[in-house]
Amino acid sequence: MQMSQPPAQNCASDEISLLDMLQILVKRKALIVTCVMICVVVAAAFAFLSSPVFEAAATLRIGQVNSGSDKEPSVLLEDASELVARVLAHGEIDRAAVQKGSTTIVQLTTSGQTPDEAARKLENEIREILEVHRATLAESSRPIVERIEVLDQQRQTLIKQSADIDALVEELKRREPVQAAFLVLERGTISSVINQHEAERLRLARLLTPPHVQATELLGGIGVPAAPVKPKKVLVLALAVVLGLMGGVMLAFLAELIAKAKAQSRCVASSNTAKD
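See below:
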């Protein structure tokens, strides 16, 4: 007569309570600590052996040029989005963006292994931008400048003519008073033209001054932080500890699951042997 054997589930329970989980973590603490240490060592090697990265940042305000009329708004020397695309295409700028809510402010950021390298790369890019915009400003303002020069030349000619007429009037005043009177009228016409030229010159000159014309300028200089932006050693080590703990806990439960499966297998095998 065969003796009854206990059911297989009594060999090992499939349910794990919170207490069991804590016991597993305590039992496998060496595995967890080892996993954390490995992650920390790898993270420390990355954080302390990686080349530091420094960033330099600057803000540019795009200038504007007159539209040729004091009644029409001025136009930008270069569209902000086009400037961003152009500097990014050069490959020296890491990040470039138009400031939110603005159409004239552009923020530029570049990086280097030293603060001087990052600043130098940004300075070179800004210098190129300013040179291009100065050339654009000069070219756009040239018609107005040339018109002012023509007005100045005409004004000098008219002033000379007016002076010549004054001298002639004094000479003819006694001998030919009628002719002198006509010359006085002509001098009045010349004076009126001179006044018109002066008014036009003032109007054109205003188009070459703010707010009609503004050069592109660097706002606040180039900023270079003393500390590198990468790698962030504290953050890297903190993440390593967290990942090590997570990985260690997962490995602990996995190891316990494997051990439990082996125990169940041995229990079932011994139960079958007893039945035989």
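Under the numbering used here, the final residue of the sequence shown carries the number 260; numbering is consecutive throughout.
The C-beta atom is built at its ideal place from N, Cα and C for all residues, glycine as well.
Computed from a predicted structure; not experimentally measured.
Residue burial classification, ARG158 (beta-carbon count within 10 angstroms, cutoff 16): Numbered from 1 along the sequence shown, position 174 holds the residue referred to as residue 158. Exposed, because fewer than 16 other Cβ atoms sit within 10 Å of the Cβ of ARG158.
Through-space distance from LEU221 to ALA27, alpha-carbon basis: The residue labelled residue 27 in the question sits at position 43 within the sequence shown. The residue labelled residue 221 in the question sits at position 237 within the sequence shown. Each residue's Cα considered, the two are about 6 angstroms apart.
Can you find the residues in the same chain that come closer than 8 angstroms, C-beta to C-beta, to THR92, ignoring five residues on each side of it along the sequence? For the purposes of this step, residue 92 is identified with residue 108 of the sequence shown, where counting begins at 1. In the sequence under discussion, the amino acid at residue 92 is Leu, which differs from the Thr named in the question. Cβ within range, chain order: ALA41, ALA42, THR43, LEU44, VAL71, ILE77, ARG79, ALA80, LEU106, GLU109, ILE110.
Can you list the alpha helix (DSSP H) stretches of 4 or more residues lying completely in the stretch 150 to 177, in chain order? none
Can you grab the Cα-Cα spacing for the pair ARG171 / GLY205, in whole Å? In the sequence shown, residue 171 corresponds to position 187, counting from 1. In the sequence shown, residue 205 corresponds to position 221, counting from 1. Whole-angstrom Cα-Cα distance: 56 angstroms.
For GLN(-11), three-class secondary structure by DSSP: Locating residue -11 in the sequence shown gives position 5, counting from the first residue. Its pLDDT being 47, under 50, GLN(-11) is placed unreliably in this model, and the coordinates cannot settle the point.
Taking the runs of the alpha helix (DSSP H) that are 4 residues or longer, which of them lie wholly in the stretch -6 to 39? 2 to 11, 13 to 33
Buried or exposed (CB count within 10 angstroms, at least 16 for buried), VAL68: For the purposes of this step, residue 68 is taken as residue 84 along the sequence shown, with counting starting at 1. VAL68 should be labelled buried.
Is the beta carbon of GLY232 sitting closer than 7 angstroms to the one on ILE22? Indexing the sequence shown from 1 puts residue 232 at position 248. Indexing the sequence shown from 1 puts residue 22 at position 38. Taking 7 angstroms as the Cβ cut-off, GLY232 and ILE22 do not qualify as a contacting pair.
So what's LYS84 in DSSP terms, helix, strand or just coil? As a first step, residue 84 is located in the sequence shown; it is residue number 100 there, counting from the start. Of the three classes helix, strand and coil, the one that applies to LYS84 here is coil, per DSSP.
Once you ignore the five residues that flank LEU167 on each side, which residues in its own chain have a CB closer than 8 angstroms to its CB? Position 183 of the sequence shown, counted from the start, is the residue given in the question as residue 167. Excluding positions up to five away in sequence, the list reads ILE149, LEU152, VAL153, LEU156.
Could you give the residue range of the beta strand (DSSP E) that holds VAL90? Numbered from its first residue, the sequence shown carries residue 90 at position 106. Taken as a continuous stretch (DSSP letters only), the beta strand (DSSP E) holding VAL90 covers 89 to 96.
Who are ILE220's beta bridge partners in DSSP? On the sequence shown, position 236 is the one that residue 220 refers to. The sequence shown places Val at residue 220, not Ile. Paired residues: none, contrary to the question.
Using the Cα positions of LEU188 and ALA210, report the straight-line distance between them to the nearest angstrom. Stepping through the sequence shown from its first residue, residue 188 is reached at position 204. Stepping through the sequence shown from its first residue, residue 210 is reached at position 226. Answer to the nearest angstrom: the Cα atoms are 48 angstroms apart.
Considering LEU203, what are the terminal residues of the beta strand (DSSP E) in which it resides? Here residue 203 refers to the residue found at position 219 when the sequence shown is read from its first residue. Per DSSP, LEU203 belongs to the beta strand (DSSP E) from 201 to 207.
Put VAL59 into one of helix, strand or coil per three-state DSSP. As a working mapping, residue 59 is identified with position 75 in the sequence shown. VAL59: strand per DSSP, three-state reduction.
Residues in its own chain within less than 6 angstroms of GLN198 by CB, not counting five upstream and five downstream? Your numbering for residue 198 matches position 214 in the sequence shown. Correct list, in chain order: GLY47, GLN48.
Identify, in the order they occur along the chain, each residue of the same chain with its Cβ nearer than 6 angstroms to the Cβ of THR88, setting aside the five sequence neighbours on each side. What you label residue 88 is simply residue 104 of the sequence shown in a count that begins at 1. Counting only Cβ-Cβ distances below 6 angstroms, and skipping sequence neighbours, we find ARG45, ILE46.
Alpha helix (DSSP H) segment containing ALA64, residue limits: Along the sequence shown, read from residue 1 onward, the residue named residue 64 stands at position 80. Here the alpha helix (DSSP H) through ALA64 covers 64 to 74.
Alpha-carbon spacing of LEU202 relative to ALA64, whole angstroms: The residue given as residue 202 occupies position 218 in the sequence shown. The residue given as residue 64 occupies position 80 in the sequence shown. For LEU202 and ALA64, the distance between alpha carbons rounds to 14 angstroms.
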